[in-house]
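Input: a single structure, listed below in structure tokens.
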Amino acid sequence: MKAVVVTGKKEGYKIRDIEDPRPGKGEVVIRVDRAALCYRDLLQLEGYYPRMKYPVVLGHEVVGTIEEVGEDVEGFNEGDKVISMLYAPDGTCSYCKVGEEAYCHARLGYSEELNGFFAEKALIKVTSLIKVPKGTSDEGAVLVPCVTGMLYRGLMRAKLREGETVLVTGASGGVGIHALQVAKALGAKVIAVTTSEEKSKTLSSFADHVIVGRKFADEAKKLDDVNVVIDTVGTPTFDEALKSLWMGGRIVQIGNVNPAEGYNLKLGYMILKDIEIIGHASATRKDDEAALKLTAEGKIKPVIAGTVSIDEIDKGYEMLKDKNKIGKILLKP
Ligand SMILES: [Zn+2]
Ligand SMILES: [Zn+2]
Numbered sequence: 001m002k003a004v005v006v007t008g009k010k011e012g013y014k015i016r017d018i019e020d021p022r023p024g025k026g027e028v029v030i031r032v033d034r035a036a037l038c039y040r041d042l043l044q045l046e047g048y049y050p051r052m053k054y055p056v057v058l059g060h061e062v063v064g065t066i067e068e069v070g071e072d073v074e075g076f077n078e079g080d081k082v083i084s085m086l087y088a089p090d091g092t093c094s095y096c097k098v099g100e101e102a103y104c105h106a107r108l109g110y111s112e113e114l115n116g117f118f119a120e121k122a123l124i125k126v127t128s129l130i131k132v133p134k135g136t137s138d139e140g141a142v143l144v145p146c147v148t149g150m151l152y153r154g155l156m157r158a159k160l161r162e163g164e165t166v167l168v169t170g171a172s173g174g175v176g177i178h179a180l181q182v183a184k185a186l187g188a189k190v191i192a193v194t195t196s197e198e199k200s201k202t203l204s205s206f207a208d209h210v211i212v213g214r215k216f217a218d219e220a221k222k223l224d225d226v227n228v229v230i231d232t233v234g235t236p237t238f239d240e241a242l243k244s245l246w247m248g249g250r251i252v253q254i255g256n257v258n259p260a261e262g263y264n265l266k267l268g269y270m271i272l273k274d275i276e277i278i279g280h281a282s283a284t285r286k287d288d289e290a291a292l293k294l295t296a297e298g299k300i301k302p303v304i305a306g307t308v309s310i311d312e313i314d315k316g317y318e319m320l321k322d323k324n325k326i327g328k329i330l331l332k333p
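Just so we're aligned: the sequence shown equals residues 1 to 333 in this note's numbering.
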């Protein structure tokens, strides 16, 4: 089968013909219906992910149809539509037992220790497999593990209450545009922040207010008490994000565009305003199931900037870096 393979650290990727996977104990083989490109792929290609084995198939976001079921797999059958979490937990440790499998010591990452999903078929461990409810589009389902499920968990960790106000930075990005929708689906009022006047028109159909510009805290504070910020950018927006929060505010930090850059936090600011800073990256099974449900109900609508084939993967990454695009880039093998 055809696959996008990373051959070694900082060696980039190549399109290769590799052997079709066969399911072992506790595994299934899926036909990949859609995978999704992600900024994390670029960080992986730059060598920021020390656990990667080589060669490894790239890609960690997938929806597919089960083609073959291995031994000791219960509850999943050929023909089932499924997604996979970003990692396979062991399913047996103290964290897994209480549904916090994101913290499993023995978890293995797809596109890290395990082959990923930019291929015609993929091998998935049953511990990471989640059934997709009928009537859910492939485009909606593929966004759950790394985008909408992750955002759902972020807002759960921030203890978002109905009627609170959520501000989203980088709102036109692949994560941001869906953050607006997840927050709205959970009953929040949403403020979108973007640097692009052009994109503000599109954003106004997803948000109650749109602010254009790099200095947004003063305007946000005039609009409403901001209770939660989802920062999908990083150090360029963090200071304004923090300043825009009302007392008791929570900031969910997802973006980190300048990984080498720091931020000089004045503790008094946090302490006197009861601010919580929540570093956030992953999702668990229950978060993914909740996001799938919201997607099936039409409360989250996938925003897709484009879809490429395996042979067009270069074009896909060009689209990912193109600041004029709104939404996620998908791969259809
Ligand atoms: Zn991703
Ligand atoms: Zn575990």
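For each residue, glycine too, the CB sits at the ideal point set by N, CA and C.
field: P89, buried or exposed, once every other Cβ within 10 Å from all chains shown has been counted against 16
entry: Here residue 89 refers to the residue found at position 89 when the sequence shown is read from its first residue. So P89 counts as buried.
- prompt: Taking C-beta to C-beta, are E289 and I130 nearer than 8 Å?
  reply: Position 289 of the sequence shown, counting from 1, holds the residue named residue 289. Position 130 of the sequence shown, counting from 1, holds the residue named residue 130. Yes. Within cutoff.
Three-way DSSP call (helix, strand, coil) for E101 in this model: Translated into the one-based positions of the sequence shown, residue 101 becomes position 101. Looking at E101 - three-state DSSP - the assignment turns out to be helix.
message: Which residues does DSSP list as the beta-bridge partners of K143?
response: Taking the first residue of the sequence shown as 1, we reach residue 143 at position 143. Here residue 143 turns out to be Leu, not Lys, going by the sequence shown. Beta-bridge analysis with DSSP links L143 to no other residue.
- prompt: Which of helix, strand or coil does DSSP assign to I271?
  reply: Walking along the sequence shown from the start, residue 271 turns up at place 271. Of the three classes helix, strand and coil, the one that applies to I271 here is helix, per DSSP.
- request: Determine the closest residue to V168 out of G306, M156, D72, K189, with distance taken between C-alpha atoms.
  value: Stepping through the sequence shown from its first residue, residue 168 is reached at position 168. If we check each option's Cα against that of V168, K189 comes out closest.
query: Any idea what DSSP makes of G262, helix, strand or coil?
result: Walking along the sequence shown from the start, residue 262 turns up at place 262. In this structure, G262 counts as coil in the three-state DSSP scheme.
task: Return the chain-ordered list of same chain residues with a C-beta closer than 6 Å to the C-beta of G47, the five sequence neighbours on each side being excluded.
output: Along the sequence shown, read from residue 1 onward, the residue named residue 47 stands at position 47. Closer than 6 Å at the Cβ level, and outside the excluded window around G47, lie K9, K10.
message: Please list the terminal residues of the continuous beta strand (DSSP E) segment that includes I66.
response: Counting from one through the sequence shown, the residue named residue 66 turns up at place 66. Annotation for I66: the continuous beta strand (DSSP E) segment containing it runs 62–69.
Paired residues, beta bridge with D231 - DSSP: Here the question's residue 231 lines up with position 231 in the sequence shown. For D231, which the question treats as bridged, DSSP gives the partners T169, Q253.
message: With three or more C-beta pairs closer than 8 Å as the rule, is the stretch 91–107 touching the stretch 17–24?
response: Output reads no: the stretch 91–107 does not touch the stretch 17–24.
message: Using C-beta distances below 7 Å, list every residue in its chain close to M319, excluding the 5 sequence neighbours before and after it, in chain order.
response: Here residue 319 refers to the residue found at position 319 of the sequence shown. Excluding positions up to five away in sequence, the list reads A305, G306, K325, I329.
- request: Can you tell me which of T65, A183, R16, Y87 puts its alpha carbon nearest to the alpha carbon of D138?
  value: Taking the sequence shown and counting its residues from 1, the one referred to as residue 138 is at position 138. The shortest C-alpha to C-alpha distance from D138 to any of T65, A183, R16, Y87 is the one to T65.
- request: Just mark I335 as buried or exposed, buried being the case when its beta carbon has 16 or more other beta carbons within 10 Å.
  value: Residue numbering for the chain in the displayed model covers 1 to 333; residue 335 lies beyond these limits and cannot be assessed.
message: In this structure, how does DSSP classify V73 when only helix, strand and coil are distinguished?
response: In the sequence shown, the residue the question calls residue 73 occupies position 73. Three-state DSSP puts V73 in coil, outside helix and strand.
message: For ligand 1, I want to know if R153 counts as a neighbour, meaning its beta carbon is within less than 7 Å of at least one of the ligand's heavy atoms.
response: Sequence index remark: in the sequence shown, residue 153 carries index 153 (1-based). Answer for R153: no, Cβ out of range of ligand 1.
- request: Quick one: residues in its chain with C-beta nearer than 8 Å to the C-beta of P365, no 5 flanking neighbours on either side, listed in chain order?
  value: Coverage of the chain is limited to positions 1 through 333, which leaves residue 365 absent and any answer about it impossible.
message: Which of the three DSSP states is assigned to G154 in this structure?
response: Here residue 154 refers to the residue found at position 154 when the sequence shown is read from its first residue. Here DSSP, grouped into helix, strand and coil, assigns G154 to helix.
field: Proximal residues to A128 (C-beta, below 6 Å), its chain only, five neighbours per side dropped
entry: In the sequence shown, the residue the question calls residue 128 occupies position 128. Note that residue 128 is Ser in the sequence shown, not Ala. Excluding five sequence positions before and after S128, the CB atoms of its chain that fall closer than 6 Å to its own CB belong to S84, M85, A88, given in chain order.
query: Under three-state DSSP, which class holds I313?
result: The residue given as residue 313 occupies position 313 in the sequence shown. Of the three classes helix, strand and coil, the one that applies to I313 here is helix, per DSSP.
message: Can you tell me whether K201 is helix, strand or coil according to DSSP?
response: Here residue 201 refers to the residue found at position 201 of the sequence shown. Helix.
field: Neighbourhood of ligand 2 [Cβ distance below 5 Å to any heavy atom], ordered by chain position
entry: Counting only heavy atoms of ligand 2, the residues whose C-beta sits closer than 5 Å to one of them are, along the chain, P89, D90, C93, C96, C104.
query: Would you say the beta carbon of R40 comes nearer than 7 Å to a heavy atom of ligand 1?
result: Here residue 40 is taken as the residue at index 40 of the sequence shown, counted from 1. Yes.
message: Using the Cβ count rule (16 or more neighbours within 10 Å means buried), how would you classify K14?
response: By one-based count along the sequence shown, residue 14 stands at place 14. Result: exposed.
query: By Cβ distance, which residues of its chain are closer than 7 Å to F216, with the 5 residues on each side in sequence left out?
result: Here residue 216 refers to the residue found at position 216 when the sequence shown is read from its first residue. Result list for F216: V193, E240, S244, in chain order.
- request: My understanding is that T295 touches T148, with C-beta atoms under 8 Å, so please give their C-beta distance in whole angstroms.
  value: By one-based count along the sequence shown, residue 295 stands at place 295. By one-based count along the sequence shown, residue 148 stands at place 148. About 7 Å separates the Cβ atoms of T295 and T148, confirming a contact at the 8 Å cut-off.
message: Taking the alpha-carbon of V32 as reference, which of G26, S200, K121, K222 has the nearest alpha-carbon?
response: On the sequence shown, position 32 is the one that residue 32 refers to. In terms of Cα proximity to V32, the closest of G26, S200, K121, K222 is K121.
query: Is it true that the CB of H60 sits closer than 8 Å to the CB of C38?
result: Counted from its first residue, the sequence shown places residue 38 at position 38. Counted from its first residue, the sequence shown places residue 60 at position 60. Going by C-beta atoms, C38 is nearer than 8 Å to H60.
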